[in-house]
Amino acid sequence: MASRISIKALEFLDSCRSLTELYQIQAHLVITGLLQVQNPSFSCRFLKLCSQHCDIQYTSLVFRCIHFPDTFSVNTVIKAYACSNVPDNAVVFYYERLKDGFLPNSFTFSPLMSACAKRGRVYLGQKCHGQVVKNGVGGVLEVQNALVHFYSSCGLIGLARKVFEGMDERDVVSWNSIVNGYVNVGELVVARQLFDAMPCRNLVGWNVMMTGYLHSNNPGKCLKLFREMAQRGLNGNDTTIVIAVTACARSARMKEGKSVHGRLIKEFKDLNLIISTTLIHMYSRCGRAEIARLIFDRISIKNIVCWNAMILGYCIHGNPKDGLNLYSNFLSSRLVSTGKNHVDSLVLPDEITFVGVLCACAREGLLTEGRKHFGNMSDVFGIKPSFAHYWCMANLLANVGLMQEATEILKNIPVDSNLPLESSLWSELLGSARFGRDVSLGEQIANKLIDQDPENFWHYLLLVNIYAAAGRWDDVTQTKERMKKRGIERTPGCSLKDLKEIVHDMSAT
């Protein structure tokens, strides 16, 4: 009888495909007492199912119901923590288990190091590295790969290289991790040398190297590498296509972008949302908003990124009035895609949307409409204006002759709204509306504020932002050097969100 119950339980575990089935299996294991039995066939397999279908709290609760958890069970929970939104707890859990007599193995440390890398926890990661050495698993390939990834992710490329050089055996993961580490710290020459030295490359390595060129504002080299990959007969994935099309957009290579688009049409019946959005961005940036709109109209399920791409395409690169009309349509649209499910819900604008809308108003000199949208940002949608929005409003006011009010806006930007703009993409958005292409007014205001209060960090940052919006990167560098010489530093405790992350997410998704 007991044997029949055990066999049946194992069959349930093997056939489980959903959360509902998992709950039914758990009820069966609790009733029969199999979950408490020291039998890895049940506890380990059930715990692994929990880590796949449930959140970390549920998985942890199930683990604590197992009277005699083995190494596999502990490793399963560590991996679950590493993949969760609380990866630091993987380290806490590990040390708790050590107190209970847990003996780790090589499979313990890969997810543990990954958890430390996820949040850049250098101290915790180095403690775990000590545990690797202490437990004699420092020579295991998977553990070494995890260490290279950890140090690379934390920007400690010297330590990552030391681990990499000390490896007796390397696989494609080892090479990809060290190349990605050098890409992350901006050492693209070394990254390319390592990439070229790789005995075997996979798609991940090609994408990493192309992404490095793209993010370092070198779309030409990115596309050259893309062409080399194609010549070798390698087919890229969605990530590859997004990188290549984005590179075409940034370098205004519409001919090459159209070639990639044509290949996609031949290979795929329908393009996914991410690729379609990237194509919209590319055609818009190349001055062909009408082609971008054709792609946009074919997308049945649109998310905020897709709407933003087309609205900005009109507002920044095309006809601003078309962008404002599309924005009105956007507000009335209720169809949004969430993963594979279609849900009726209001698609709300975000701060990127309003940069486009306010730029359109500035370009067209629509003062009343611009004031309305600027007010609606916070009053209706709860979006706090950033430097970008104040900058657009100042431009709008200046364009309609209200120079004094424009000056007052720039002088009175709240310090927590004055954000860094060190991004060529962001300067492109703001550059279409900058006092009739003349930044001298903003420059004069910022310099006057610095003269009045030469120790104020925010006045210097305003000047940096103004130069960045104009694409005057040499002046940005000189202003930073000026700050450094005067010992001007950011106010301690201030939390600033980097706008280049916002724009990068918009263009890369």
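Just so you know, we're using my numbering here: the sequence shown kicks off at -7 and counts up by one.
All residues carry an ideal CB built from backbone N, CA and C; glycine is no exception.
Note that this is a predicted model, so its numbers are computed, not measured.
Assigned with DSSP and collapsed to three states, C298 falls in helix. Residue C36 holds the alpha-carbon nearest to the alpha-carbon of V69 among L195, C36, L11. With a cutoff of 8 Å on beta-carbon distance, V347 and A380 are scored as near each other.
Around the beta carbon of V135, 16 or more other beta carbons sit within 10 angstroms, so the residue counts as buried. At the C-beta level, F101 and A138 come within 8 Å of one another. 8 Å or more divides the Cβ of K477 from the Cβ of V456.
Rounded to whole angstroms, the separation of the alpha carbons of I293 and K40 is 35 Å.
Under the DSSP assignment, F187 falls in the alpha helix (DSSP H) whose first and last residues are 180 to 189. The continuous alpha helix (DSSP H) containing I48 extends over residues 48 to 56. Rounded to whole angstroms, the gap between the alpha carbons of F373 and G305 is 22 Å.
Here I458 is buried, its C-beta having at least 16 other C-beta atoms within 10 Å. For K154, the uninterrupted alpha helix (DSSP H) segment begins and ends at 149 to 157. The alpha helix (DSSP H) runs lying completely inside the stretch 87 to 136 and spanning 4 residues or more are 98 to 110, 114 to 126, given in chain order. The three-state secondary structure of R37, taken from DSSP, is helix. By the 16-neighbour rule on beta-carbons within 10 angstroms, P191 is exposed. Under the DSSP assignment, A354 falls in the alpha helix (DSSP H) whose first and last residues are 343 to 356. DSSP, reduced to helix, strand and coil, places N368 within a helical segment of the structure shown. Looking only at L340, S106, L263, R111, the smallest Cα-Cα distance to N300 is reached by L340. Classified as exposed, R219 has fewer than 16 neighbouring CB atoms from the shown chains inside 10 Å of its CB.
If you draw a straight line from the Cα of N311 to the Cα of N321, it is about 16 Å long. In this structure, DSSP gives G249 a helical state, which the three-state scheme calls helix. Short of 6 Å from the beta carbon of Y275, and not among the five residues preceding or following it, lie these beta carbons of its own chain, in chain order: I283, A284. Going by DSSP, H59 is part of no alpha helix (DSSP H) at all; its letter is neither H nor E. Taken through DSSP and simplified to helix, strand or coil, R255 comes out as helix. Per the coordinates, the alpha-carbon of M201 lies some 11 Å from the alpha-carbon of I170. Contact annotation: N77 and P96 have beta-carbon atoms that are not nearer than 8 Å. The residue among N317, Q470, D314, C240 with its C-alpha nearest the C-alpha of L215 is C240. From the listed residues W465, I442, A460, the smallest Cα separation to M475 is found for I442. Taking the CA atoms as reference points, A244 sits about 10 Å from V237. Residue environment: A460 is assigned as buried (16 or more neighbouring CB atoms within 10 Å of its CB, all protein chains considered). Counting every other CB atom within 10 Å of its CB across the protein chains shown gives H59 a total below 16, marking it as exposed. One thing to note: E447 has its Cβ no nearer than 8 Å to the Cβ of I405. CA-CA distance, I23 to Y87, rounds to 32 Å. If you draw a straight line from the Cα of A109 to the Cα of G147, it comes to about 10 Å.
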